[in-house]
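Read the structure below first, then the notes.
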Ligand SMILES: *[C@@H]1O[C@H](CO)[C@@H](O)[C@H](O)[C@H]1NC(C)=O
Ligand SMILES: *[C@@H]1O[C@H](CO)[C@@H](O)[C@H](O)[C@H]1NC(C)=O
Ligand SMILES: *[C@@H]1O[C@H](CO)[C@@H](O)[C@H](O)[C@H]1NC(C)=O
Ligand SMILES: *[C@@H]1O[C@H](CO)[C@@H](O)[C@H](O)[C@H]1NC(C)=O
Ligand SMILES: *[C@@H]1O[C@H](CO)[C@@H](O)[C@H](O)[C@H]1NC(C)=O
Ligand SMILES: *[C@@H]1O[C@H](CO)[C@@H](O)[C@H](O)[C@H]1NC(C)=O
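Numbering (the working numbering), first residue to last: 7 to 691.
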């Protein structure tokens, strides 16, 4: 056996050498017309053309042009916007009908606390060549904040960087944003990079294996009819008649951060793909399941670095009292690919884009960005350990935390990572036994946070973690003891920070986005589902009987208001009915309530008397997530352990009343994640 292996390896080595020789011969004879070269070119023209040097042209003072034989990128100077990308016979894949500053740019939505929000496109004032050799060009467009323009310019120093590399079919983009100590208060709702493509070419959008197709044109949204939540439009007269009667809403194309690695658009003639590849989520905010926009009708391609989407004001980036800040957004990779027009254009380009995304992930952290603010692999550290769970009412022994989400974020309270928007976060998923390895962490002070699918609550390790260049932090076994006071009497749902397991109705046939027709898992992305609550529960609200009802069919996914005509809405009260064979005295019992989202809501809990004025428990006014109107099945996670004194319970039948008491609009409401009633600890403790 061994001998045979050795033999084969020799054959492979020889073959590899031959192939390499062949390749290099091709390269060195670039102008040679010999047939061998021609043959090679047709097999492998990408690699060959790719071997051409990167060139930088700054002859025109208002433009900076980079090219590498694969693509040519034109940037405005000194503003630093991407105004043209020439690729595969298309002079400019960006929308030439748009003004130069509305094709490929960065922007920040910001305001002074109390003022109206405004955009700043971060137009730079200073152009600089960082490096320009045959292997790489890196250019910088920067500006210092000018305090005499404090009304129009967000108080930030900005350094926008673009990199083109030899043999790489795309453009790397990153930005270093900085606030100096003492600068004015500011709120930043959103920081992003935007690309707007030629609408007559790019018609097909792909954001995942299941979510891709021919999309409406931007004018279809103009001729259509805005719906109650006006960012959704009913296409009444689309250019493509097949899309008539469908709904389009950019929030229907959101992804969770952990899944948002590649998305973009395809032109079929010529067959070209344009992709936003995000190899790391370290510079995004609010953890791995934060949802955000991707691509949408325009055709628009976004890289969202921060935003208030699906979290509201709780996750905007606020600076007060002159707090300084510096953060590197990116690099992200704008990738262009092409195929021959034979075969499955969409399938082939999407598959290739995914392959490229994987390559970028594998080569993170990049070694080539030249800003000293972007640390290389050797300037980072690793953190590892094993997360375990101990909940004696589920298992008398400590068990490994199965597929736990484990991450490092700025030091803070338990669960603070989901509203943390200033620092870097590093997340991974553990294996079946809870082993985790977080690699390539930037230097700094962190807390380690985690949550475990199927287990309630949030974990925070109580020791601060300081990561240094080259450090390997081995935490060993650490144990999460989730909230638990006594044995489970009953439970509704699955603790997974989402309402996806509950009853999500079929969409109204007149309000569908057929992108989701096949993908039943994502039914929640359809428009207007919240209104179906009032269709199903016309007069009486939802009643759930423990032991009889099935939450997958009888627990509506969203606790919303009910319209009672003329745009007037009513609070709704849900009932959970359950029987107790006896009441354990003295209590207390515990009601564990985990919410997956809240929007301008107040959840009140009453025990066995719906009419008592003062609720037994209230959350108070919570949430600006807007996850219901924007078709997210979760927003921010909120957890409540509610004491239930035994004198409030009866032997026999009991009812818990859950009232969502705020009812000005149809979009107010909460999403439940999980509810559990625990009896008192009992005598076995
Ligand atoms: C700051 O802005 C003011 C007003 O637009 C302008 O006059 C001044 O030259 C700017 N300063 C710098 C350093 O760019
Ligand atoms: C409890 O944990 C042990 C050890 O991990 C495992 O073998 C066992 O199946 C678990 N029991 C239950 C009821 O989950
Ligand atoms: C952890 O870091 C935070 C923030 O820097 C600090 O307030 C806290 O005292 C530290 N805790 C410990 C145990 O060192
Ligand atoms: C951290 O892990 C990465 C990936 O396994 C490895 O390349 C790197 O050398 C490690 N760093 C240290 C300091 O151990
Ligand atoms: C509907 O409400 C509006 C505003 O509250 C009111 O002016 C109008 O008279 C109401 N119409 C009906 C039919 O009740
Ligand atoms: C509880 O309610 C159910 C359904 O209304 C009823 O059948 C049952 O007899 C009640 N149990 C007691 C102990 O009152």
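Each residue gets a CB set at the ideal place from its N, CA and C atoms; glycine is no exception.
Taking the Cβ atom as the reference point for each residue, do residue i and residue j lie within a distance shorter than 9 Å?
| i | j | result |
| --- | --- | --- |
| residue 578 | residue 669 | yes |
| residue 589 | residue 655 | yes |
| residue 639 | residue 530 | yes |
| residue 564 | residue 536 | yes |
| residue 282 | residue 340 | yes |
| residue 600 | residue 643 | yes |
| residue 199 | residue 111 | yes |
| residue 201 | residue 307 | yes |
| residue 613 | residue 663 | yes |
Using 8 Å for Cβ pairs, my map puts residue i next to residue j. What's the rounded Cβ distance?
| i | j | result |
| --- | --- | --- |
| residue 560 | residue 509 | 6 Å |
| residue 129 | residue 169 | Actually they are not in contact, since the Cβ atoms of residue 129 and residue 169 sit about 20 Å apart, beyond 8 Å. |
| residue 180 | residue 271 | Actually they are not in contact, since the Cβ atoms of residue 180 and residue 271 sit about 22 Å apart, beyond 8 Å. |
| residue 433 | residue 411 | 6 Å |
| residue 395 | residue 461 | 6 Å |
| residue 213 | residue 274 | Rounded, the Cβ-Cβ distance is 18 Å, inconsistent with contact. |
| residue 634 | residue 673 | 6 Å |
| residue 387 | residue 333 | 19 Å between Cβ atoms; not a contact. |
Relative to ligand 6, is the shortest distance from any of its heavy atoms to the C-beta of residue i smaller than 8 Å?
| i | result |
| --- | --- |
| residue 553 | no |
| residue 194 | no |
| residue 585 | yes |
| residue 659 | yes |
Whose CA, out of the options, lies closest to the CA of residue i?
| i | options | result |
| --- | --- | --- |
| residue 116 | 290, 84, 325 | 325 |
| residue 666 | 224, 180, 471, 581 | 581 |
| residue 342 | 99, 245, 85 | 99 |
| residue 657 | 688, 583, 108, 333 | 583 |
| residue 227 | 303, 330, 518, 591 | 303 |
| residue 609 | 646, 262, 286, 159 | 646 |
| residue 364 | 149, 419, 223, 268 | 268 |
| residue 695 | 153, 290, 369, 354 | In the structure as shown, the chain starts at 7 and stops at 691, and residue 695 therefore has no counterpart that could be examined. |
| residue 321 | 439, 156, 424 | 424 |
| residue 156 | 360, 121, 132, 175 | 121 |
| residue 378 | 633, 92, 136 | 136 |
| residue 441 | 426, 450, 480 | 480 |
| residue 512 | 279, 490, 538 | 538 |
Consult DSSP for residue i and reduce its assignment to one of helix, strand or coil.
| i | result |
| --- | --- |
| residue 33 | Note that residue 33 has pLDDT 32, beneath the 50 cutoff, so the model's placement of it is unreliable and no number is given. |
| residue 673 | coil |
| residue 39 | Because residue 39 sits at a pLDDT of 33, beneath the cut-off of 50, its placement in the model cannot be relied upon, and the following sentence gives the value as read from the coordinates. In this structure, residue 39 counts as coil in the three-state DSSP scheme. |
| residue 686 | coil |
| residue 300 | coil |
| residue 111 | strand |
| residue 24 | Reliability of the predicted coordinates at residue 24 is poor, the pLDDT of 43 falling under 50, and the value obtained from them is presented with this limitation in mind. Of the three classes helix, strand and coil, the one that applies to residue 24 here is helix, per DSSP. |
| residue 380 | coil |
| residue 353 | helix |
| residue 165 | strand |
| residue 432 | strand |
| residue 615 | coil |
| residue 374 | coil |
| residue 678 | strand |
| residue 602 | strand |
| residue 68 | coil |
| residue 405 | strand |
| residue 486 | strand |
Indicate, with yes or no, if ligand 4 has a heavy atom lying under 8 Å from the CB of residue i.
| i | result |
| --- | --- |
| residue 382 | no |
| residue 391 | no |
| residue 477 | yes |
| residue 386 | yes |
| residue 654 | no |
| residue 445 | yes |
Tell me whether residue i counts as near ligand 2, meaning its Cβ is closer than 8 Å to at least one heavy atom of that ligand.
| i | result |
| --- | --- |
| residue 405 | yes |
| residue 266 | no |
| residue 436 | no |
| residue 441 | no |
Taking 8 Å as the line, does the beta carbon of residue i fall inside it for any heavy atom of ligand 1?
| i | result |
| --- | --- |
| residue 154 | yes |
| residue 150 | yes |
| residue 131 | yes |
Taking 8 Å as the line, does the beta carbon of residue i fall inside it for any heavy atom of ligand 3?
| i | result |
| --- | --- |
| residue 298 | no |
| residue 681 | no |
| residue 686 | no |
| residue 469 | yes |
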